[in-house]
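Heads up, the sequence shown is in our numbering, so the first residue is 662 and it goes up one at a time. Please read the structure below before turning to the comments.
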Amino acid sequence: MCDILADFQENMRNYSKKIFKYFVMIGCDLLSVFFATALVYFFRNDNDLGGFFSKVWLVLLICAAIKVLILFLCHQYSYILKNYSIKGAIWLTAGYAVIFVIFIIFVAINKKNGGTILFRDLLLYLAIDYIVTLALRFSVRLKNAIIQYIRRAASGDKERIIVVGAGDAGATIVKEMLYSDKTNRYPVALIDDDLSKKGSTIEGVKVVGTTDDLKKIYEKYDADGIIVAMPAVPAERLKDIYAKCHKVSCNVLTLPGVYQLVNGVKLSNLKKIDMQDLLGREPVKVNLDEIMEYIEHKVVLVTGGGGSIGSELCRQIATHNPAKLIILDIYENNIYDIEQELKFNHPEVNLLTLVASVRDKGKIEDVFKKYRPQIVFNAAAHKHVPLMETSPNEAIKNNVFGTLNVATMAEKYKADRFVQISTDKAVNPTNIMGASKRMCEMIIQAIGKKSDHCEFVAVRFGNVLGSNGSVVPLFTKQIEAGGPVTLTHKDIIRYFMTIPEAVSLVLQSGAYAKGGEIYVLDMGEPVRIYDMAVNLIRLLGHEPDKDIKIVYTGLRPGEKLYEERLMKEEGLKKTANGKISVAKPIDFDEEKFFASLDMLYKAAYEETDEMKKLVHELVPTYTIDKRFE
């Protein structure tokens, strides 16, 4: 109903503007009639102005009515003045030719009846009226041309920008570039696929064509870059537009989705085309109020806080007013980077960074004992599938027993919530990394069952675009190096999300936590890695298998052709956010499981060669990849 009302109001506004335009143009044309008549009086040296107009007032009205009618028939009121063209002038001239014929007939009838209207006065009147009317129509274009010339001269060394999108967002971007002293960009032309906008102008900047004409327009205007100002356009269409832009220029900027522009469109919102643009779907949204409620004024611990997922968790948590944010990671460079970023962007946050390993049970206990974190996000993990296949003991030490250490201390020191970052690779795993994550889920489930104060949950999602180890950064480097782009298999498919999307849903899953659940994130339709590689090659201005070759290297150890979101025994139940579902936990013998973990711990630190077989005994759904045995 609200959408219908908004559309009605928008249509009424547009209609009102159109009516106003008509009245302005007709008013100017009527004034031109009186102006031309007054000049004729002046040239006749008739000193009796009042007497003159008293004699011809009826003639004036007739002339005005005829003029407006003829010009209407000649399409003069369908033009927007700032877009008036030679075609319009030709129609205007044709209209005046008709008016001239009508007036000749009128003068002849007047003379026959003893009237005083002279033919020379008629010619003078028509000449003046025609010139004034034509000048009024071209005046706006002339003004815009002068302004554009002055701006071009003043632009100096500024970047010459083609703006794609002549809607409200494009207009705002153009105005800011023109009138802001803080930008080094200057708009030279607009492009829009709406053909009705071609020829129109925004602040003197003309819409010169469509995206199909982009290359020609870019060269004609000697442009330095492109800005895509279309935040409300569907993602699938944007993907095609980005591909066209990147074929022309590497300097392409765009605006985030309209839902992200909470403070309006600004030049500062511009960003490089990112990984989200490869997905071809609308970004996932979350209920920020729910996140705020359980994080605000709480001590929050993020393990693995320097990693791609952990650091984004910290960024989003920092905006929700935690009492203290503790970032823990073994890699000092990563943790230093996120610390400096947060200190700069969120100086108000009570921030603590700790260099420590989740493997170190004593250190982890010291952290919990001293700082008493209320909310824990465990993102510390080894996740590179091929590397963990060759170092399975390290995967078990870090992923399984690191998680066990953090979860045990969360229970012991009475945290409120514990959120484990899991993966779809934990479902019927064929690799040691996925199997280790499945054991992490089992640990969380078992400890959560016994806890009467802490809600333990796991969040399972797929591949994250732009994360450490993601295929996209690898593909980008390969393309920038001239290729080839390497794929393991043409038919391999994966579920994808952006880092901010995944983390937002992780945070919201924490809000839903009741204890023991495994939350599964809906990442849309799976994406074929081959299609992603092709799109990325085109996005960066190349042709696949022509400019950049695609080669196939074969599946890596532990790698599947496709990933699954849940096991056969698990069923999904929707939450309030349709993108988050709850998987039914699978029952298992918890006593036997923890007894086996003790044996696994000993075997891992003894550097056993039988780790995969031991893992299979604990995780029956784990299938050892025989191809690489």
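Note that the Cβ used here is the ideal one computed from N, Cα and C, for glycine as well.
**Study point:** CA-to-CA distance, residue 866 to residue 786, given in whole angstroms
**Key:** Position 125 of the sequence shown, counted from the first residue, corresponds to residue 786. Position 205 of the sequence shown, counted from the first residue, corresponds to residue 866. Roughly 36 angstroms between the two C-alpha positions.
Check your understanding: Going by the beta-carbon positions, is the gap between residue 860 and residue 868 smaller than 8 angstroms?
Key -> Residue 860 sits at position 199 when you count from the first residue of the sequence shown. Residue 868 sits at position 207 when you count from the first residue of the sequence shown. It is a contact, given that the beta carbons lie within the stated cut-off.
Review point. Residue 1030 to residue 1216, Cα distance in whole Å?
Key: Residue mapping note: residue 1030 aligns to position 369 of the sequence shown, counting from 1. Residue mapping note: residue 1216 aligns to position 555 of the sequence shown, counting from 1. Their Cα atoms are separated by approximately 46 angstroms.
Check your understanding: Where does the unbroken alpha helix (DSSP H) through residue 891 begin, and where does it stop?
Key -> Locating residue 891 in the sequence shown gives position 230, where the first residue counts as 1. Run containing residue 891: none; DSSP gives neither H nor E here.
Practice item. Please say whether residue 970 and residue 1040 have beta carbons closer to each other than 8 angstroms? Key: For the purposes of this step, residue 1040 is identified with residue 379 of the sequence shown, where counting begins at 1. For the purposes of this step, residue 970 is identified with residue 309 of the sequence shown, where counting begins at 1. It is a contact, given that the beta carbons lie within the stated cut-off.
Practice item. Please confirm whether residue 890 and residue 821 have their CB atoms less than 8 angstroms apart. Key: Taking the first residue of the sequence shown as position 1, residue 890 is located at position 229. Taking the first residue of the sequence shown as position 1, residue 821 is located at position 160. Going by beta carbons, residue 890 and residue 821 fall outside the 8 angstroms limit.
Review point. Helix, strand or coil: how does DSSP classify residue 1035 here?
Key: On the sequence shown, position 374 is the one that residue 1035 refers to. Residue 1035 falls in the coil class under three-state DSSP.
Review point. Three-state secondary structure (DSSP) at residue 1267?
Key: Within the sequence shown, numbered from 1, the residue matching residue 1267 stands at position 606. Residue 1267 falls in the coil class under three-state DSSP.
Review point. Taking DSSP as the reference, what is the three-state secondary structure of residue 848?
Key: Start at 1 with the first residue of the sequence shown, and residue 848 comes out as number 187. DSSP places residue 848 in strand when its eight states are reduced to three.
Point to revise | Reduced DSSP secondary structure (H/G/I, E/B, other) of residue 790 | key: Position 129 of the sequence shown, counting from 1, holds the residue named residue 790. Reduced to three states, the DSSP call for residue 790 is helix.
Review point. With 16 other CB atoms within 10 Å as the buried threshold, where does residue 907 fall?
Key: Reading the sequence shown from its first residue, position 246 is the one you call residue 907. In the assembly as shown, residue 907 is a buried residue. Its beta-carbon has 16 or more other beta-carbons within 10 Å.
Practice item. Check each candidate in 1121, 895, 1085 and 1068 and name the one with the smallest Cα separation from residue 1112. Key: Stepping through the sequence shown from its first residue, residue 1112 is reached at position 451. Taking only the C-alpha atoms, the option nearest residue 1112 is 1068.
Exercise for review: Classify residue 657 as buried or exposed, calling it buried when 16 or more other Cβ atoms lie within 10 Å of its own Cβ.
Suggested key: Nothing can be reported for residue 657, as the shown portion of the chain is limited to 662 through 1290.
**Study point:** Identity of the residues DSSP links to residue 1116 by a beta bridge
**Key:** For this step, residue 1116 is matched to residue 455 along the sequence shown. Looking at the DSSP output, residue 1116 bridges to 1078.
Point to revise | Cβ contact (3+ pairs, closer than 8 angstroms) linking the stretch 1089 to 1100 and the stretch 1045 to 1054 | key: Because the criterion of three Cβ pairs below 8 angstroms is met, the stretch 1089 to 1100 and the stretch 1045 to 1054 touch.
Practice item. Name the one or two DSSP bridge partners that residue 1205 has. Key: Position 544 of the sequence shown, counting from 1, holds the residue named residue 1205. The partner list for residue 1205 (beta bridge, DSSP) reads 1209.
Check your understanding: For residue 1061, which residues from the same chain have a beta carbon less than 6 angstroms from its beta carbon, with the 5 sequence-adjacent residues on both sides left out?
Key -> Taking the first residue of the sequence shown as 1, we reach residue 1061 at position 400. Within the same chain, and ignoring the five residues on either side of residue 1061 in sequence, the residues whose Cβ sits closer than 6 angstroms to its Cβ are 1097 and 1100.
**Study point:** residue 989 vs residue 1012 beta-carbon contact at 8 angstroms
**Key:** Translated into positions along the sequence shown, residue 989 becomes position 328. Translated into positions along the sequence shown, residue 1012 becomes position 351. Between residue 989 and residue 1012, the gap from beta carbon to beta carbon reaches 8 angstroms or more.
Review point. Smallest Cα separation from residue 960: which of 858, 1071, 1053 and 684?
Key: The residue labelled residue 960 in the question sits at position 299 within the sequence shown. Here the closest residue by C-alpha is 1071.
**Study point:** Presumed contact (8 angstroms Cβ cut-off) between residue 1254 and residue 1279, rounded CB distance
**Key:** Translated into positions along the sequence shown, residue 1254 becomes position 593. Translated into positions along the sequence shown, residue 1279 becomes position 618. Indeed, because the Cβ distance is near 7 angstroms, the residues count as touching under 8 angstroms.
Practice item. Could you name the residues of the same chain whose beta carbon sits closer than 7 angstroms to that of residue 1106, not counting the 5 residues immediately before and after it, in chain order? Key: For the purposes of this step, residue 1106 is taken as the residue at position 445 of the sequence shown. These residues qualify, in order along the chain: 1177 and 1246.
Check your understanding: By DSSP, does residue 1157 sit in helix, in strand, or in coil?
Key -> As a first step, residue 1157 is located in the sequence shown; it is residue number 496 there, counting from the start. Secondary structure of residue 1157 (DSSP, three-state): strand.
Practice item. May I ask which residues mark the beginning and end of the alpha helix (DSSP H) holding residue 1199? Key: Against the sequence shown, residue 1199 aligns to sequence position 538. Counting along the chain, the alpha helix (DSSP H) containing residue 1199 begins and ends at 1190 to 1200.
Check your understanding: What residues match up with residue 962 in a beta bridge as DSSP calls it?
Key -> Position 301 of the sequence shown, counted from the first residue, corresponds to residue 962. Looking at the DSSP assignment, residue 962 forms a beta bridge with 987 and 1037.
Check your understanding: Thinking C-alpha only, which one of 1134, 1081, 976 and 870 is nearest residue 1037?
Key -> Position 376 of the sequence shown, counted from the first residue, corresponds to residue 1037. With respect to the C-alpha of residue 1037, the residue from 1134, 1081, 976 and 870 having the closest C-alpha is 1081.
Check your understanding: Should residue 1065 and residue 1104 be called a contact, given that it needs their Cβ atoms to be closer than 8 angstroms?
Key -> Here residue 1065 corresponds to residue number 404 of the sequence shown, with the count starting at 1. Here residue 1104 corresponds to residue number 443 of the sequence shown, with the count starting at 1. Cβ distance < 8 angstroms, so residue 1065 and residue 1104 count as in contact.
**Study point:** Span separating the alpha-carbon of residue 904 from that of residue 933
**Key:** Position 243 of the sequence shown holds residue 904. Position 272 of the sequence shown holds residue 933. Across the structure, residue 904 and residue 933 are spaced so that their CA atoms are roughly 13 angstroms apart.
Point to revise | Cα-Cα separation, residue 758 to residue 800 | key: Here residue 758 refers to the residue found at position 97 when the sequence shown is read from its first residue. Here residue 800 refers to the residue found at position 139 when the sequence shown is read from its first residue. For the pair residue 758 and residue 800, the Cα-to-Cα distance works out to about 22 angstroms.
Review point. According to DSSP, is residue 980 helix, strand or coil?
Key: By 1-based counting over the sequence shown, the position of residue 980 is 319. Coil, per DSSP.
Review point. Could you give the distance in angstroms between the alpha-carbon of residue 748 and the alpha-carbon of residue 914?
Key: Within the sequence shown, residue 748 is the residue found at index 87, counting from 1. Within the sequence shown, residue 914 is the residue found at index 253, counting from 1. Their backbone Cα atoms lie some 36 angstroms apart in a straight line.
Check your understanding: Can you pull the DSSP bridge partners for residue 1132?
Key -> Counting from one through the sequence shown, the residue named residue 1132 turns up at place 471. In the DSSP output, where bridge partners are listed per residue, residue 1132 has none listed.
Review point. Pick from 879, 1208, 1020 and 1125: whose alpha carbon is nearest that of residue 1142?
Key: Start at 1 with the first residue of the sequence shown, and residue 1142 comes out as number 481. That would be 1208, whose Cα lies nearest to the Cα of residue 1142.
Review point. In whole angstroms, what is the alpha-carbon distance linking residue 1199 and residue 997?
Key: Walking along the sequence shown from the start, residue 1199 turns up at place 538. Walking along the sequence shown from the start, residue 997 turns up at place 336. Here the alpha carbon of residue 1199 sits roughly 36 angstroms from the alpha carbon of residue 997.
Point to revise | Top-ranked residue by Cα proximity to residue 1175, from 1118, 880 and 1007 | key: Translated into the one-based positions of the sequence shown, residue 1175 becomes position 514. For residue 1175, the nearest C-alpha among the options comes from 1118.
Practice item. Tell me, please, which residues DSSP counts as bridged to residue 886. Key: Along the sequence shown, read from residue 1 onward, the residue named residue 886 stands at position 225. In DSSP, residue 886 forms a bridge with 822.
Check your understanding: Leaving out five residues before and five after residue 760 in sequence, what residues of the same chain have Cβ atoms less than 8 angstroms from its Cβ?
Key -> Numbered from its first residue, the sequence shown carries residue 760 at position 99. Only 727, 728, 731 and 787 meet the Cβ criterion.
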